[in-house]
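Peer 1: Numbering (full-length UniProt numbering), first residue to last: 1 to 198. Backbone N, C-alpha and C fix where the C-beta goes; we use that ideal spot for every residue, glycine too. Treat the numbers as computed from the prediction; the structure is a model and nothing was measured. Sending over a structure as structure tokens; questions will come in a sec.
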């Protein structure tokens with residue numbers, strides 16, 4: 001979270017036990033410290049939802065290699081570091097759900113989306129690998145592959161788009177909550193697209 005005050009204002013307060021932590025999800029020590037704090041404060045970790053990420057549009061011919069590094073760091077490395085930090089808590093209790101956010105851009109060619117799509121494809125493979133490695137230890141790992149999400153930032157970036165064709169945050173949240181619940185205990189290694197009419 002980049003702004004704790006803004007984030008806290010959007011969270012429910014009545015009876016909620018919340019912890020807002022400053023974490024650099026690209027930094028292994030910072031992320032492990034955050035999960036140590038979670039373990040001390042809450043005693044367990046039921047689910048991890050890895051949503052950190054970013055987007056960049058740039059053709060290969062006109063772009064820079066640094067854009068690929070940035071997409072890797074924002075989209076894939078944050079997921080790897082976070083999953084590695086969360087795993088000990090889940091393995092200790094023999095249960096847990098991991099949900100990572102990929103993109104429906106993977107597996108299809110889109111001009112200018114090479115770095116973004118490649119990094120999100122890495123997220124899908126991370127989830128499949130994690131599912132295979134922990135399937136006998138009570139952990140389920142899955143990915144949600146949304147189309148364009150209807151966020152204020154996306155509306156500002158693409159003001160001429162047809163917003164009605166985008167995926168609502170409520171729809172994405174419902175799928176994420178399902179995958180993080182006991183109802184999805186037998187779903188493992190799935191990469192589930194969620195698109196409206198894109």
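1) How would you write the range of the beta strand (DSSP E) that residue 152 sits in, first residue to last?
2) Among 29, 49, 54, 72, which one has its Cα closest to the Cα of residue 119?
3) Kindly indicate if chain D contains any beta-carbon less than 8 Å away from that of residue 61.
4) Assign residue 102 to buried or exposed, taking buried as 16 or more other Cβ atoms, counted over all protein chains shown, within 10 Å of its Cβ.
5) Which class does residue 26 belong to by DSSP, given the choice of helix, strand or coil?
6) Just to confirm my understanding: we take residue 185, look at its own chain, exclude 5 residues before and 5 after, and list those with CB closer than 7 Å. What are they?
7) Just to confirm before moving on: does the CB-CB distance between residue 127 and residue 53 stay below 8 Å?
8) Tell me the DSSP secondary structure of residue 109 in three-state form.
9) Only counting the same chain, and skipping five residues up and downstream in sequence, which positions put a Cβ closer than 7 Å to that of residue 168?
10) Would you list, in sequence order, the uninterrupted alpha helix (DSSP H) runs of no fewer than 4 residues that lie entirely inside the region 84 to 147?
11) Within 10 Å of its beta-carbon, does residue 43 have 16 or more other beta-carbons around it, so buried, or fewer, so exposed?
12) Who does residue 50 pair with in a DSSP beta bridge?
13) Where do the ends of the alpha helix (DSSP H) carrying residue 176 lie?
14) Grouping DSSP H, G and I as helix and E and B as strand, with all else coil, what is residue 187?
Peer 2: The answer reads as follows:
1) Counting along the chain, residue 152 falls outside any beta strand (DSSP E), though it belongs to the alpha helix (DSSP H) covering 152 to 157.
2) 72
3) In the displayed structure, chain D is absent; only one protein chain is listed.
4) buried
5) coil
6) 140
7) no
8) coil
9) 150
10) 114 to 134
11) exposed
12) 100
13) 169 to 179
14) coil
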